[in-house]
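Protein chains: 2
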Amino acid sequence: MAETSGGLGIRERTRRAVRAELLTVAMDLFADKGYDATTIDEIVAAAGMSRSSFFRYFTCKEDIVLGHLQAIGQTLADALARRPADEDEWTALRRAFDDVLLAYHARDPQHALALRHMLESNPVLLAGNLEKQCRWHDQLIPHITPRLAPAPADSDTDARATAVIGAALACLEAANRAWRATNGQASLDKILDDVMRAVRPGAF
Amino acid sequence: MAETSGGLGIRERTRRAVRAELLTVAMDLFADKGYDATTIDEIVAAAGMSRSSFFRYFTCKEDIVLGHLQAIGQTLADALARRPADEDEWTALRRAFDDVLLAYHARDPQHALALRHMLESNPVLLAGNLEKQCRWHDQLIPHITPRLAPAPADSDTDARATAVIGAALACLEAANRAWRATNGQASLDKILDDVMRAVRPGAF
DNA sequence: ATCGAGTATGGTACTGAGTGCCATGTCGGG
DNA sequence: CCCGACATGGCACTCAGTACCATACTCGAT
């Protein structure tokens, strides 16, 4: 039918609106009194809805903060798919990170900074963050494996791809951390270049 | 005064014994019916003690499985301290991993395998595992920084050290995963060599 | 205009992890 | 033999997360 907005039905649109509302209300509370100290009851009270409904929009409290991370896996996979087939894996990953940085950090640096702050001040969120990154591996492996150097005899290509992806994500993580340490003043792109060259000397 | 065993008072010795007992009882239950499905009430019932006491020996349920991880950070730091000062950072880390592998995997491969299995079948444990590894960084940075190539002008050495450590740990993680996939048949040492060479071509 | 299906909502009751407190017991040293 | 430190068990509580049910609301079809 005549979908007025974005090709989505009204059901889906209101659903997203409610979720977005809930999200901003919750993040405001988190910023105000901290993640741990904020209960779900407080969030739903502030948003004017019931506890039951909350869990229909978010699987758990963590999901408020880390929910968007799942999508980044796909962003990375898509970005890698667009890189030339003969590009080496390290450069391809570095370029793929450009897309993520563009879509998240460049779009709203303040939000990225605040999120990073929460992450680093809360072990549970940090843990969840790292675990979500592990989920990206499976999506990225098919785009990395063909770029690897020929396997040495009886070596496991899959393990090598996993390691390379994990190493690159560790670089992204380290760069993010350093960037946040400068309060977003430094250039995240430059930091990322530096650390990825530190891990693989002579890269790019 | 006359410490009969290991230079520890009787208090500390009984304390460790109780903790060890609790640990084996819990791990048996986990192996039997799974981590999530086992409640703390069941553990303490099987061990014949109260719930209150349990939390005096373990900070949380996760601590049963991941408690030993904290010590590995120190093991790694000590191992790095013993490496020659002029050894490059990647080789030093690879050799430091030898110590960890020797102390944990070689000592009791079955236990390491079972633990790995639990880790990979439970997102919460995996997350906790990764978060604990992050805690190692601060201990390792001082041993890595001096081995890095001269910093390029305005680059942050600390970020580079963090990234290198993170990348190496990602290799260790990938190797462990691949090793567990072969049910411990493959040589973990060899896998680790392969993946660390994949991340840094021409290493060692 | 009405009906029925699908969906959103609120409420209630439950489990299980983790915290805080207190009263009691037990062991070791003087 | 007693005192103090530490260990224990029990209780009451908070909070996250699950399951289920009853009630609205909305949309499309007749």
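Protein chains in written order, with my numbering: chain A, 1 to 204; chain B, 1001 to 1204. Idealized CB from N, CA, C, for every residue including glycine. For clarity, every value in this text was computed on a predicted model and none was experimentally measured.
Taking the straight line between their C-alpha atoms, what separation do you get for residue i and residue j?
{"i": "B/Thr1014", "j": "B/Gln1110", "result": "27 Å"}
{"i": "B/Pro1150", "j": "B/Ala1085", "result": "15 Å"}
{"i": "A/Thr59", "j": "A/Leu69", "result": "14 Å"}
{"i": "B/Trp1136", "j": "A/Ala170", "result": "14 Å"}
{"i": "B/Ser1155", "j": "A/His105", "result": "20 Å"}
{"i": "A/Tyr35", "j": "A/Ile43", "result": "11 Å"}
{"i": "B/Ala1167", "j": "B/Thr1182", "result": "23 Å"}
{"i": "B/Arg1107", "j": "B/Arg1082", "result": "21 Å"}
{"i": "A/Met49", "j": "A/Ala26", "result": "12 Å"}
{"i": "B/Leu1022", "j": "A/Pro123", "result": "25 Å"}
{"i": "A/Trp179", "j": "A/Thr157", "result": "33 Å"}
{"i": "B/Ala1159", "j": "A/Ala47", "result": "40 Å"}
{"i": "A/Leu130", "j": "B/Asp1028", "result": "28 Å"}
On a CA-only basis, which of the options is nearest residue i? Give me that one, please.
{"i": "B/Asp1276", "options": "B/Val1164, B/Leu1066, B/Leu1119, B/Gln1133", "result": "Nothing can be reported for residue 1276 of chain B, as the shown portion of chain B is limited to 1001 through 1204."}
{"i": "A/Leu148", "options": "A/Asp154, A/Ala161, A/His137, A/Ser155", "result": "A/Ala161"}
{"i": "B/Ala1020", "options": "B/Thr1039, B/Ala1079, B/Val1065, B/Ala1031", "result": "B/Val1065"}
{"i": "A/Pro12", "options": "A/Ala26, A/Arg51, A/Tyr57, A/Glu42", "result": "Here residue 12 of chain A is Glu; the residue named in the question, Pro, does not match the sequence. The candidate whose alpha carbon is nearest that of A/Glu12 is A/Tyr57."}
{"i": "A/Ala153", "options": "B/Ile1010, B/Asp1194, B/Arg1180", "result": "B/Asp1194"}
{"i": "B/Glu1062", "options": "B/Leu1126, B/Ala1181, B/Leu1188", "result": "B/Leu1126"}
{"i": "A/Asn176", "options": "A/Ala47, A/Gly67, A/Leu115", "result": "A/Leu115"}
{"i": "A/Leu76", "options": "A/Leu172, A/Val124, A/Gly128", "result": "A/Leu172"}
{"i": "B/Leu1102", "options": "B/Phe1204, B/Thr1145, B/Leu1188", "result": "B/Leu1188"}
Tell me whether residue i is buried or exposed, calling it buried when 16 or more other Cβ atoms sit within 10 Å of its Cβ.
{"i": "A/Leu93", "result": "buried"}
{"i": "A/Lys33", "result": "exposed"}
{"i": "B/Thr1024", "result": "exposed"}
{"i": "B/Ser1053", "result": "exposed"}
{"i": "B/Ala1017", "result": "exposed"}
{"i": "A/Ile191", "result": "buried"}
{"i": "A/Ile10", "result": "exposed"}
{"i": "B/Arg1200", "result": "buried"}
{"i": "A/Gly128", "result": "buried"}
{"i": "B/Gly1202", "result": "exposed"}
{"i": "B/Ala1071", "result": "exposed"}
Keeping to the same chain, check which residues put their C-beta closer than 7 Å to that of residue i; ignore five residues upstream and five downstream.
{"i": "B/Gly1184", "result": "Pro1109, Leu1113"}
{"i": "B/Leu1080", "result": "Ala1092, Ala1096, Leu1140, His1143"}
{"i": "B/Gly1073", "result": "Arg1135, Trp1136, Gln1139"}
{"i": "B/Met1118", "result": "Phe1030, Tyr1035, Val1065, Leu1125"}
Within the same chain, show all residues whose beta-carbon is closer than 6 Å to that of residue i, passing over the 5 residues directly before and after it, in chain order.
{"i": "A/Phe30", "result": "Thr38"}
Between residue i and the rest of its own chain, which residues show a CB-CB distance below 8 Å, the 5 nearest in sequence each way excluded?
{"i": "A/Arg51", "result": "Ile40, Asp41, Val44"}
Report the residues of the stretch 1131-1150 of chain B with a CB closer than 7 Å to any CB of chain A, ordered along the chain. Glu1131, Cys1134, Leu1148, Ala1149
Give the residues from the stretch 98-125 of chain A that approach chain B closer than 9 Å (Cβ to any Cβ), ordered along the chain. Pro123, Val124
Positions along the stretch 1022-1033 of chain B whose CB lies within less than 9 Å of some CB in chain A: Result list empty, no residue passes.
Please list, in chain order, the residues of the stretch 1037-1056 of chain B that have any C-beta partner in chain A closer than 8 Å. none
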